[in-house]
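Shown next, in structure tokens, is the structure this report addresses.
Number of protein chains: 4
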Amino acid sequence: SYGADGRSSGRIYADYSIFKGKAALSASPVLPTFSKTGSGYTKVDRRGTIMLTFRPAIGERKYDSEKKQLFALSVTEIGSFISLGPGDSCEFFHDPSMQSRDAGQVRKSLSVKPHTDGYFISLSVTNNILKTNERVTVPVTTAEFAVMRAAFSYALPHIMGWAHSTNPPTENVG
Amino acid sequence: SYGADGRSSGRIYADYSIFKGKAALSASPVLPTFSKTGSGYTKVDRRGTIMLTFRPAIGERKYDSEKKQLFALSVTEIGSFISLGPGDSCEFFHDPSMQSRDAGQVRKSLSVKPHTDGYFISLSVTNNILKTNERVTVPVTTAEFAVMRAAFSYALPHIMGWAHSTNPPTENVG
Amino acid sequence: SYGADGRSSGRIYADYSIFKGKAALSASPVLPTFSKTGSGYTKVDRRGTIMLTFRPAIGERKYDSEKKQLFALSVTEIGSFISLGPGDSCEFFHDPSMQSRDAGQVRKSLSVKPHTDGYFISLSVTNNILKTNERVTVPVTTAEFAVMRAAFSYALPHIMGWAHSTNPPTENVG
Amino acid sequence: SYGADGRSSGRIYADYSIFKGKAALSASPVLPTFSKTGSGYTKVDRRGTIMLTFRPAIGERKYDSEKKQLFALSVTEIGSFISLGPGDSCEFFHDPSMQSRDAGQVRKSLSVKPHTDGYFISLSVTNNILKTNERVTVPVTTAEFAVMRAAFSYALPHIMGWAHSTNPPTENVG
């Protein structure tokens, strides 16, 4: 599988990061991958995601990348996120080992809950193998959430592959 | 008629599919076609659509493509769809044989009706020739509907040809 | 003045047309024009518009292009149009001969007024020279207005030149 | 640092300007800059902004560019701006000499406050070195604010670099 244009995708990296007292939260789009079908057209192979990265604070504006925790929002989870009204909340559950031997051993849950000015975004990771249970929460202001909503809405058709199917890549014959 | 850039369009295929107990619903954009006018400019020949495909379930996460039913949402129907407020409903009627000998023999109706968390999307097909009457309903959650609304809104100016007329295709002189 | 890419713009034409009993209303984006400054960069010369065309009916689904009336919505008028809430109305006045000898002789007014399902869009043209006073009204459904709102919102940054300034045209060196 | 495509960016200039009795307000997007990482991919170096320029009136539709005051809205401030509801207000504070010897000497504050039809946008600049205190206010109508909201929302993913990371620039091999 490869990028829609036959080249490796995502070579430009841009995230949106929020640095708070206890942790930092970064979001960045991950594009879909594509594959050629027998009939000769190109099809989405694996849909993209919005990758959320949480890093705990280890000093003033210093965050520990070694202890980062990831959560990849699916297309439908992004739909839930961007349609949150004031006061609404949502929660998503992921099993990173789904369909493998370790299925059910690690459980990640991401929750978005309203507070006075914005939302708390929390990630819980329960690992039955390592017997660990971690939880990190980042308070997101209304303005920061508005940026996330706008950016996630923009990214959604790209992540779904609709931006690729409605704007076929230019073929240049030099 | 041909694509806006003089090449066959839609070579990258991306849909949004919802798999439910009784049926699956897939949506994908169909781009407009263009033709050259005598005056030398390019004009929309046939507007695009959002193609909805319903496939009945024939087992766990297995769906019958042979029994699929199609419904192509027009530009104005998409306008109706994306402006649905909470609790609103809408219904569209199509005659696939319109302006042919069999006009009036087949009648398709698509309805979108609210439920507690989202909408029911139903397609009814009444075929007077085959004496059949089929109906398939897919429950769509609020999050899934938000994805459809965002994706359909994104696709709308592409389907209308406005994305093409505001972003003329690059001419490459090699 | 020329297109942002140094070529004549708008060579692909796409409109959105509504055909009603007494008249047809078409809308299509008109891109801005650009000019080179002494400092070597390219600047918007004249902002674009959304061109509205009204044609009176002269038979069943036949409309008289010879009697068409035009009204070019400016950027700020488009802002007013797309932010209309349910029940809101707006009215714009244009003098097509502004700053010429005939200033004040022709007065065009476009009004958008709510009705049960959508809006009435009316154009009045009072011509003191020809002693004429024409008025044409097209009823627009909520779904059709949603298409116009989505399409006008999409077109707005293109009409303002922001789509060009944030996405510089590719230079191809073959 | 350089543009995402390795060329100097922003060569096409487009603003949105509002000319009022006491001052003019112009807004235009400033794209992010990018740099190559050791790992070979391109990363946002400095996020873009929306640059607001205020120029005091010095005659009928004449504005003094020599006395212009600038305020660069950050990504999160844009988020705050575009999510303002009717009757909401917001205020941002900038120190243009932050992290330099003169930190704290100049203080800029931009406020957006509702009025009957739209918002007042005011910029205050207090300069302790020059012992000056300037304030300029531009009344913005609901329609003009709608244009700013739409244009700022459009520009946001470009300013964040997400438009670049989801649409990699075309490489042309001639």
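Protein chains in written order, with my numbering: chain A, 241 to 414; chain B, 241 to 414; chain C, 241 to 414; chain D, 241 to 414. Think of the CB as a built atom: it goes at the ideal place given N, C-alpha and C, for glycine as much as any other residue.
- prompt: Can the beta-carbon of Phe392(D) be found less than 8 Å from the beta-carbon of Ile290(D)?
  reply: yes
message: Check whether chain B comes within 8 Å of Gly250(C), counting only Cβ atoms and requiring the distance to be less than that.
response: Its pLDDT being 46, under 50, Gly250(C) is placed unreliably by the model, and nothing is read from it.
message: Output needed for Gln345(C): all residues of its chain with C-beta closer than 8 Å, excluding positions within five of it in sequence on either side, in chain order.
response: Ser337, Asn367, Asn368 and Ile369
- request: Could you check if His398(C) is buried or exposed, using at least 16 other CB atoms within 10 Å of its CB as the buried criterion?
  value: buried
- request: For Met400(B), go through chain C and note every residue whose CB falls closer than 7 Å to its CB, in chain order.
  value: Ala254, Tyr256 and Ala391
task: Return the Cβ separation of Phe311(A) and Ala263(A) in integer angstroms, given the expectation that the two are a contact with Cβ distance under 8 Å.
output: About 13 Å; that fails the 8 Å criterion.
field: Partner residues on chain A for Pro269(B), Cβ-Cβ distance less than 7 Å
entry: Trp402, Ser405 and Thr406
field: DSSP-derived helix/strand/coil call for Pro269(C)
entry: strand
- request: Could you name the residues of the same chain whose beta carbon sits closer than 8 Å to that of Glu384(A), not counting the 5 residues immediately before and after it, in chain order?
  value: Residues Ile258 and Gly358 of the same chain have their beta carbon placed closer than 8 Å to that of Glu384(A), with the five preceding and five following residues left out of the count.
Beta-carbon separation (whole angstroms), Met400(D) vs Val270(D), contact threshold 8 Å: So it is not a contact: roughly 12 Å between Cβ atoms.
task: Grab the span of the alpha helix (DSSP H) containing Ser320(A) for me, first residue to last.
output: Val315 to Ile322
Cβ of Val315(D) within 8 Å of any chain A Cβ: yes
Separation of Ile298(C) from Glu306(C), as counted between CA atoms: Here the alpha carbons of Ile298(C) and Glu306(C) stand approximately 11 Å from one another.
task: Between the Cα of His355(D) and those of Ser364(D), Tyr256(D), His404(D) and Thr377(D), spot the shortest distance and give me the residue it belongs to.
output: Measuring from the Cα of His355(D), the nearest candidate turns out to be Thr377(D).
message: For the beta strand (DSSP E) containing Leu370(C), name the first residue and the last one.
response: No beta strand (DSSP E) holds Leu370(C); DSSP gives it neither H nor E.
- prompt: Can you tell me whether Asn407(A) is buried or exposed, with buried defined as 16 or more other CB within 10 angstroms of its CB?
  reply: buried
message: If distances are taken between C-alpha atoms only, which option among Glu374(B), Phe332(B) and Gln309(B) comes closest to Leu292(B)?
response: Gln309(B)
message: Quick check on the burial criterion: 16 or more other C-beta atoms within 10 angstroms. Buried or exposed for Tyr256(D)?
response: buried
- prompt: If contact means a Cβ-Cβ distance below 9 Å, which residues of the stretch 274-287 of chain D contact chain A?
  reply: Phe274, Thr277, Gly280, Tyr281, Thr282, Lys283, Val284 and Arg287
query: So which residues of chain B does Ser349(A) contact, with C-beta pairs closer than 8 Å?
result: Those do not exist, as Ser349(A) stays about 16 Å from chain B at its closest Cβ, beyond 8 Å.
- prompt: Is it the case that the Cβ atoms of Val380(C) and Leu396(B) are separated by a distance below 8 Å?
  reply: no
For Ser268(D) and Ser279(C), the rounded distance between their alpha carbons: 18 Å
task: Could you pull the start and end residues of the alpha helix (DSSP H) that Pro397(D) belongs to?
output: It spans Thr382 to Met400 - the alpha helix (DSSP H) in which Pro397(D) sits, taken as one unbroken run.
- prompt: Listing by chain order, which chain D residues have their CB less than 8 Å from the CB of Ile322(C)?
  reply: Result: Ala386 and Ala390.
field: Boundaries of the beta strand (DSSP E) in which Lys262(A) is found, first to last residue
entry: From DSSP, Lys262(A) is part of no beta strand (DSSP E); its letter is neither H nor E.
message: Buried or exposed, going by whether 16 or more other CB atoms sit within 10 Å of the CB of Glu331(D)?
response: exposed
task: Can you say whether Ser320(C) is buried or exposed, counting buried as having 16 or more other CB atoms within 10 angstroms of its CB?
output: With 16 or more Cβ atoms within 10 Å of its Cβ, Ser320(C) is classed as buried.
message: Could you check if Ser405(D) belongs to the surroundings of the ligand ZN, using beta carbon to heavy atom distance under 7 Å?
response: Here there are no bound small molecules, and the ligand ZN is not part of this structure.
message: Given this structure, state the Cα-to-Cα distance separating Arg287(D) from Ser275(D), to the nearest angstrom.
response: 12 Å
- request: Taking only the alpha-carbon atoms, compute the straight-line gap between Arg301(A) and Leu265(A) and give it to the nearest angstrom.
  value: 12 Å
Met291(D), enclosing beta strand (DSSP E) - first and last residue: In the DSSP annotation of this structure, the continuous segment of the beta strand (DSSP E) that includes Met291(D) starts and ends at Thr289 to Gly299.
message: Could you compute how far the alpha carbon of Val365(A) sits from the alpha carbon of Arg389(A)?
response: Using only the alpha carbons, I get a separation of about 24 Å.
- prompt: Since Thr382(A) meets chain D, which of its residues come closer than 7 Å, beta carbon to beta carbon?
  reply: Ser323
field: Residue of Thr372(D), Asp335(D), Asp285(D) and Gly327(D) minimising C-alpha distance to Thr382(D)
entry: Gly327(D)
message: Strictly below 8 Å CB to CB, what residues from chain A border Ala395(B)?
response: Pro397, Trp402 and Thr406
field: Pro296(B) versus Thr372(B): straight-line alpha-carbon distance, rounded
entry: Roughly 16 Å between the two C-alpha positions.
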